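As structure tokens, the structure follows; a few thoughts come after it.
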Amino acid sequence: MRGLHQEFLIYLLMSLVIKNLTANIGDQQILKGVNLEVPKGEVHAIMGKNGSGKSTLAKIMAGHPDYTVTGGEVLMDGENLFDMEEPDERARAGLFLAFQYPMEIPGVTIANFIRAAVQARLPEGEELEATDYYANLYAKMDALKIPRAFTSRSVNEGFSGGEKKRCEILQMAMLEPKYAVLDETDSGLDIDALKIVSDGVNALRSPDRGFLVITHYQRLLNYIVPDKVHVMVDGRIVMTGDKDLALELEARGYDWVTEGELATA
Amino acid sequence: MPALEETEKPDLNLDRSVGDFSYDVQYQYDAGVGLTEATIDYICDVKNDPDWIREFRKDGLRKFLEKPMPTHWASHDLDNIVFDNIRYYLSQGTQPKRSWDDVPEEMKQTFERLGIPEQERKFLAGVEAQFDSEAAYSNIKAAVGEQGVIFVGSTEGLHKHPEIFRKWFGKVIPTGDNKFSALNSAVFSGGSFIYVPPGVKVKHPLQAYFRINAESFGQFERTLIIADEGSEVMYMEGCTAPKFETSTLHSAVVELVALKGAKIQYVTVQNWSPNVFNLVTKRGLAHEEAEIKWIDCNIGSRLTMKYPGVIMKGRKARGEVISIALASDGQHQDTGAKMIHAADETTSNIVSKSISIGSGIATYRGLVDIPPHRKGCKNNTECDALLINTHSRTDTYPAVVVRGNQNATQHEASVSKVSAEQIFYMQQRGLSEGEAMSLAVNGFVNDLVREFPMEYSVELKRLIDLEMEGSVG
Numbered sequence: 001m002r003g004l005h006q007e008f009l010i011y012l013l014m015s016l017v018i019k020n021l022t023a024n025i026g027d028q029q030i031l032k033g034v035n036l037e038v039p040k041g042e043v044h045a046i047m048g049k050n051g052s053g054k055s056t057l058a059k060i061m062a063g064h065p066d067y068t069v070t071g072g073e074v075l076m077d078g079e080n081l082f083d084m085e086e087p088d089e090r091a092r093a094g095l096f097l098a099f100q101y102p103m104e105i106p107g108v109t110i111a112n113f114i115r116a117a118v119q120a121r122l123p124e125g126e127e128l129e130a131t132d133y134y135a136n137l138y139a140k141m142d143a144l145k146i147p148r149a150f151t152s153r154s155v156n157e158g159f160s161g162g163e164k165k166r167c168e169i170l171q172m173a174m175l176e177p178k179y180a181v182l183d184e185t186d187s188g189l190d191i192d193a194l195k196i197v198s199d200g201v202n203a204l205r206s207p208d209r210g211f212l213v214i215t216h217y218q219r220l221l222n223y224i225v226p227d228k229v230h231v232m233v234d235g236r237i238v239m240t241g242d243k244d245l246a247l248e249l250e251a252r253g254y255d256w257v258t259e260g261e262l263a264t265a
Numbered sequence: 266m267p268a269l270e271e272t273e274k275p276d277l278n279l280d281r282s283v284g285d286f287s288y289d290v291q292y293q294y295d296a297g298v299g300l301t302e303a304t305i306d307y308i309c310d311v312k313n314d315p316d317w318i319r320e321f322r323k324d325g326l327r328k329f330l331e332k333p334m335p336t337h338w339a340s341h342d343l344d345n346i347v348f349d350n351i352r353y354y355l356s357q358g359t360q361p362k363r364s365w366d367d368v369p370e371e372m373k374q375t376f377e378r379l380g381i382p383e384q385e386r387k388f389l390a391g392v393e394a395q396f397d398s399e400a401a402y403s404n405i406k407a408a409v410g411e412q413g414v415i416f417v418g419s420t421e422g423l424h425k426h427p428e429i430f431r432k433w434f435g436k437v438i439p440t441g442d443n444k445f446s447a448l449n450s451a452v453f454s455g456g457s458f459i460y461v462p463p464g465v466k467v468k469h470p471l472q473a474y475f476r477i478n479a480e481s482f483g484q485f486e487r488t489l490i491i492a493d494e495g496s497e498v499m500y501m502e503g504c505t506a507p508k509f510e511t512s513t514l515h516s517a518v519v520e521l522v523a524l525k526g527a528k529i530q531y532v533t534v535q536n537w538s539p540n541v542f543n544l545v546t547k548r549g550l551a552h553e554e555a556e557i558k559w560i561d562c563n564i565g566s567r568l569t570m571k572y573p574g575v576i577m578k579g580r581k582a583r584g585e586v587i588s589i590a591l592a593s594d595g596q597h598q599d600t601g602a603k604m605i606h607a608a609d610e611t612t613s614n615i616v617s618k619s620i621s622i623g624s625g626i627a628t629y630r631g632l633v634d635i636p637p638h639r640k641g642c643k644n645n646t647e648c649d650a651l652l653i654n655t656h657s658r659t660d661t662y663p664a665v666v667v668r669g670n671q672n673a674t675q676h677e678a679s680v681s682k683v684s685a686e687q688i689f690y691m692q693q694r695g696l697s698e699g700e701a702m703s704l705a706v707n708g709f710v711n712d713l714v715r716e717f718p719m720e721y722s723v724e725l726k727r728l729i730d731l732e733m734e735g736s737v738g
């Protein structure tokens, strides 16, 4: 018993666990009991139709103010995210969300924005060393094939779709989260941009980091190969499989899952 | 009050801690409370004013009493000023010291806490520090003085340099321009007098610091700057006051004269406490090919009404107003610019950015005047407003009067809001709500902040950070 208990604890401390999560926007229930575990070191994909609740799940974990959690919990390495009220506390605790639609912040340069975010993670009174910061930033920009001139552009202002998504991955690389949720990162990308972004993500795969990749299409998963694929329908995970599930979904469509669910019900 | 929903907000004034202190000073001269002809005589006697100034002051008093309040809708708060409760002159003597060591202890401590002597050592060509009604300290670096530059208090200016002083004093802004310019003319004390000889380019800025220490006090400094032909000068002023329960009045008059080909830049960073009525008249007269630029940052105060202006009197003169206003909860920043094109081929540029937080109101009020017979005049006006909360408010009243068809004007205005989605995005990166707000606001004013001298832009960013940190619960 003791051994099993300990094993469970270690597992808890090394994964992102979503338990019976229910949530509303206004009076409308969007999540109807989501259960999911992403162990560190793994990449899990959530696939689903538009409106299935997959982007909502991402926003709720990050603490978007429009949603109300009505039940369940999300444990990040054993720590309940919902004990942290503000989105920034969750972010500093190690949760990163790559946005489907990254926001523009006029007048704030990329370099200053990321610097403020890195600074926010340092202990009180400790000042980020500018030369170290820029060396790190440039190295990571080079890896993502982002030109140096980018640093002085305002965050996401006038960026192409591909530039926005690359900028999200750059921020992720700089902030080194424990868990990263990528929300429709492939949307708006042509094939070259998709490859660069995927390479960027793959370079960040590590035994110390878990990924939850939310996508509508299988295409992205050719480049970011997942350990597991979950299918979300109407606010629940209804099917889980390996990477081949994505191919099957692509071939047979989401209705196949729904029909299957109905058949077994 | 629309601010009621936000009662959990911390008191914004906490953040003005740097300037929020006062010393119990035993004033040697005190004109008492209220304003009568006897008050004027008292001030004249203490300051040993020449007869023409005594007459000038009494004319000011008459006009002040005659003139109505500026009556547009925004200024009803002006009715709450009780002129009979204000003290119009407080000082410990009229001779400013040339060395910080000689400045009376409380005043020296005040300016040290505000970092003035340190700034002087670091980057300034000269400093004047005014404590209530009179300059406590006034000094100009020897090298600058040797070029013939005069930088003294207005009292010293009128006594020692009457030939230049009297020629221009009250000429750019007539006493009866408005009720508050008349009030200033009646009781003015302190402020700077600057003269830059022909061709002299003053490399480093001259700075004045205006400090209100006493409660229920009115500060009425009077500044006159004359840049002779082909000369250049930058003047910077900073202002603070402690937070008192009763209202305090700051009503300055600033006149600039740029002779042929001269350049004057006038930079203001004011951080008044929220009990201060700040009613200032600022105007410059630009002769042929001269350039006058007002760079103005208004943070704090209860009500600020200030519209720096340039009268472009000579051909090819240029006028510019760059202004940032930040209106926090309960504050009203009514600011703008006036550009009078009184000669051909004159150009003016107005860029105004305002930020309204909580129940704060920011108003842009502008006037651009190009008469029908002028040729080749140009004006560009840009006003951008940023709203932080849903009940924040901004108003724009741009009056552009162009009669005739040989001139060009351009006007752009925008209103934007810091959206909840932007804040969420920044918070997701680990910034607190306050830090996120602050970053958004700094981004909004970023291009204008670059116009400020470096030392001031750093200070400005810090002030905005403080103001924004206090604006969220």
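These protein sequences, in sequence, are chains Z and S.
Under the working numbering, the first residue of the first sequence is numbered 1, with each subsequent residue one higher.
Under the working numbering, the first residue of the second sequence is numbered 266, with each subsequent residue one higher.
Beta carbons are placed, not taken as given, at the ideal position from N, Cα and C, and that holds for glycine.
Remember, predicted model here, so these are calculated numbers, not experimental data.
Query                                                                                                                   : Result
Gln171/Z at chain S interface by Cβ criterion, 8 Å                                                                      : yes
Per-residue contacts from Ile105/Z into chain S (C-beta, under 8 Å)                                                     : Gln687, Tyr690, Met691, Leu704, Ala705, Gly708
Alpha helix (DSSP H) runs contained entirely in the stretch 378-413 of chain S, provided each spans 4 or more residues  : 381-388, 407-411
Lys332/S, DSSP secondary structure in three states                                                                      : coil
Burial state of Tyr744/S, where buried means 16 or more other Cβ atoms lie within 10 Å                                  : Outside the shown range of chain S (266 to 738) lies residue 744/S, about which nothing can therefore be said.
Reference Ile293/S, options Arg378/S, Ile587/S, Glu520/S, Ser356/S, closest by Cα                                       : Reading the sequence as shown, one finds Gln at residue 293/S and not Ile. Nearest C-alpha to Gln293/S: Ser356/S.
Cutoff 6 Å; reference Leu245/Z; Cβ partners in own chain excluding five residues on either side                         : Val229
Any 3 or more C-beta pairs closer than 8 Å across the stretch 617-634 of chain S and the stretch 645-652 of chain S     : yes
CB contact check: Leu423/S to chain Z, cutoff 8 Å                                                                       : no
Delimiting residues of the alpha helix (DSSP H) encompassing Ser450/S                                                   : 444-452
3 or more residues per run - each beta strand (DSSP E) lying fully within the stretch 159-213 of chain Z                : 179-183
Partners in chain S for Arg121/Z, counting only beta-carbon separations shorter than 8 Å                                : Gly695
Short CB-CB distance (under 8 Å) between Asn711/S and chain Z                                                           : yes
Start and end residues, beta strand (DSSP E) containing Gln530/S                                                        : 528-537
For Met14/Z, the residue or residues it bridges with in DSSP                                                            : Answer by DSSP bridge pairing: none, since Met14/Z is not bridged.
Span separating the alpha-carbon of Arg90/Z from that of Asn404/S                                                       : 54 Å
Asn707/S: first and last residue of the uninterrupted alpha helix (DSSP H) it sits in                                   : 698-714
Straight-line Cα distance separating Pro335/S from Gly595/S                                                             : 20 Å
Straight-line Cα distance separating Ala120/Z from Val665/S                                                             : 46 Å
Proximity test, Cβ basis, 8 Å: Phe99/Z and chain S                                                                      : yes
Expected contact under 8 Å - CB spacing of Ala608/S and Arg580/S to nearest Å                                           : 5 Å
Residue interval of the beta strand (DSSP E) (run including Ser481/S)                                                   : Neither: Ser481/S is in no beta strand (DSSP E) and is coded neither H nor E.
At least three beta-carbon pairs within less than 8 Å, the stretch 706-720 of chain S to the stretch 138-147 of chain Z : no
Neighbour-count burial assignment, Arg281/S, 16 or more Cβ in a 10 Å radius                                             : Note that Arg281/S scores a pLDDT of 44, beneath 50, so its modelled location is shaky and nothing firm can be said.
Chain S contact residues for His64/Z, given Cβ-Cβ distances below 8 Å                                                   : Phe689
Test item: CB-CB of Leu182/Z and Val155/Z under 8 Å                                                                     : no
CA-to-CA distance, Pro439/S to His469/S, given in whole angstroms                                                       : 31 Å
Beta-carbon gap between Leu128/Z and Ala173/Z smaller than 8 Å                                                          : no
For Ser679/S: DSSP bridge partner residues                                                                              : Asp649/S
Alpha carbon of Val43/Z to alpha carbon of Asn711/S, nearest angstrom                                                   : 40 Å
The alpha helix (DSSP H) enclosing Ile305/S, as first and last residue numbers                                          : 302-312
Within-8 Å CB hit, Glu647/S to chain Z                                                                                  : no
Neighbour flag for Glu698/S against chain Z, beta carbons, 8 Å                                                          : yes
Beta-carbon gap between Gly625/S and Ala592/S smaller than 8 Å                                                          : yes
Close beta carbons around Glu270/S, own chain, < 6 Å, minus the five adjacent residues each side                        : Since pLDDT at Glu270/S reaches only 34, below the 50 mark, its modelled position is unreliable, and the value read off the structure follows with that caveat. Cβ within range, chain order: n/a, list empty.
Within-8 Å CB hit, Asp88/Z to chain S                                                                                   : yes
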